[in-house]
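Read through the structure below, which is laid out as structure tokens, and then see the notes.
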Amino acid sequence: MARGTVNKVIILGRLGQDPDVRATASGTQVVNLNVATNELGPRDEQGNRQDSTEWHRIVLFGRMAENAASYLRKGSQVYIEGRLQTRKWQDQNGNDRYSTEIVGNEMQFIGGRGDNQGQGQGGGFAGQNQGFGGQPQPQSGFGGQPQGGQPQQGGYGGGQPNRPAPSQPAPQPSNQPSNNFDDFDDDIPF
1 MARGTVNKVI ILGRLGQDPD VRATASGTQV VNLNVATNEL GPRDEQGNRQ
51 DSTEWHRIVL FGRMAENAAS YLRKGSQVYI EGRLQTRKWQ DQNGNDRYST
101 EIVGNEMQFI GGRGDNQGQG QGGGFAGQNQ GFGGQPQPQS GFGGQPQGGQ
151 PQQGGYGGGQ PNRPAPSQPA PQPSNQPSNN FDDFDDDIPF
């Protein structure tokens with residue numbers, strides 16, 4: 001990252017359609033999401049608010065794309081962190097076209113068990129910058145290029161796959177009494 005610059009986007013919204021699932025030539029899964037956010041507008045003379053809706057195109061890669069494809073559906077609420085990126089491409093007539101999208105690197109499913117047509121929720125998935133156990137991984141940019149600008153072998157999405165970090169044994173529970181949570185009622189309202 002260059003000094004004095006920031007390219008970070010945070011979106012909390014709902015999917016306008018089911019995820020669009022694709023794969024790169026190297027086999028990396030890519031998911032495109034269309035996420036809507038709403039802004040409250042001013043009140044009119046009758047006191048009604050005029051909301052404005054903004055649509056955001058989000059691209060996810062690899063494991064995060066697989067999780068989005070498995071668990072997100074139209075209407076799902078999702079939290080995404082990422083960066084803005086503009087792609088240049090040519091249409092059928094050879095005209096240059098540009099597309100600005102958010103390349104996600106963090107994702108959190110929002111909503112309860114009843115949300116998302118019965119899909120179990122409540123988990124979040126770190127993007128390509130974290131591996132298992134929160135171990136930092138090299139972050140690749142759009143198209144498999146590392147953010148430092150040095151090309152990697154393999155073309156579009158051809159970066160090295162994330163490999164799990166060696167697992168460390170979980171701490172063993174102690175036999176000492178805890179904060180005595182046995183007193184709490186089992187009738188939790190949610």
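Residue numbers (full-length UniProt numbering): 1 to 190.
All C-beta atoms in this analysis are idealised placements derived from N, C-alpha and C, irrespective of residue type, glycine included.
Here the structure is a predicted model, which means the values were calculated and not measured.
Quiz item: What are the boundary residues of the beta strand (DSSP E) that includes residue 36?
Solution: Counting along the chain, residue 36 sits inside the beta strand (DSSP E) bounded by residues 29–39.
Self-check item: Between the CA atoms of residue 47 and residue 101 - distance to the nearest angstrom
Solution: Their backbone Cα atoms lie some 35 Å apart in a straight line.
Quiz item: How is residue 104 classed by DSSP in three states: helix, strand or coil?
Solution: Here residue 104 sits in strand by DSSP.
Self-check item: Reference residue 89, options 82, 98 and 25, closest by Cα
Solution: For the options 82, 98 and 25, the alpha carbon positioned closest to that of residue 89 is the one of 98.
Exercise. Find out if the Cβ-Cβ distance for the pair residue 12, residue 37 is shorter than 9 Å.
Key: Contact check for residue 12 against residue 37 passes: the beta carbons are separated by less than 9 Å.
Self-check item: beta strand (DSSP E) segments (min. 3 residues) lying fully within the segment 44–80
Solution: Taking only runs of at least 3 residues, the beta strand (DSSP E) segments lying wholly in the segment 44–80 are 52–61.
Practice problem: Could you check if residue 93 is buried or exposed, using at least 16 other CB atoms within 10 Å of its CB as the buried criterion? | Solution: So residue 93 ends up on the exposed side.
Quiz item: Which residue comes first and which comes last in the beta strand (DSSP E) that contains residue 6?
Solution: Element bounds for residue 6: n/a, residue is neither H nor E.
Quiz item: Pick from 69, 50, 57 and 14: whose alpha carbon is nearest that of residue 22?
Solution: For residue 22, the nearest C-alpha among the options comes from 69.
Practice problem: Taking the CB atoms as reference points, tell me whether residue 81 and residue 9 lie closer together than 9 Å. | Solution: Taking 9 Å as the Cβ cut-off, residue 81 and residue 9 qualify as a contacting pair.
Exercise. Mark residue 14 as exposed unless 16 or more other C-beta atoms lie within 10 angstroms of its C-beta, in which case mark it buried.
Key: Under this definition residue 14 is a buried residue.
Quiz item: In three-state DSSP terms, what is residue 85?
Solution: Three-state DSSP puts residue 85 in a strand.
Quiz item: With which residues is residue 90 paired in a DSSP beta bridge?
Solution: Per DSSP, 96.
Quiz prompt | Residues of its chain near residue 5, where Cβ-Cβ distance is below 6 Å and the 5 sequence neighbours each way are ignored | solution = Here the set comprises nothing.
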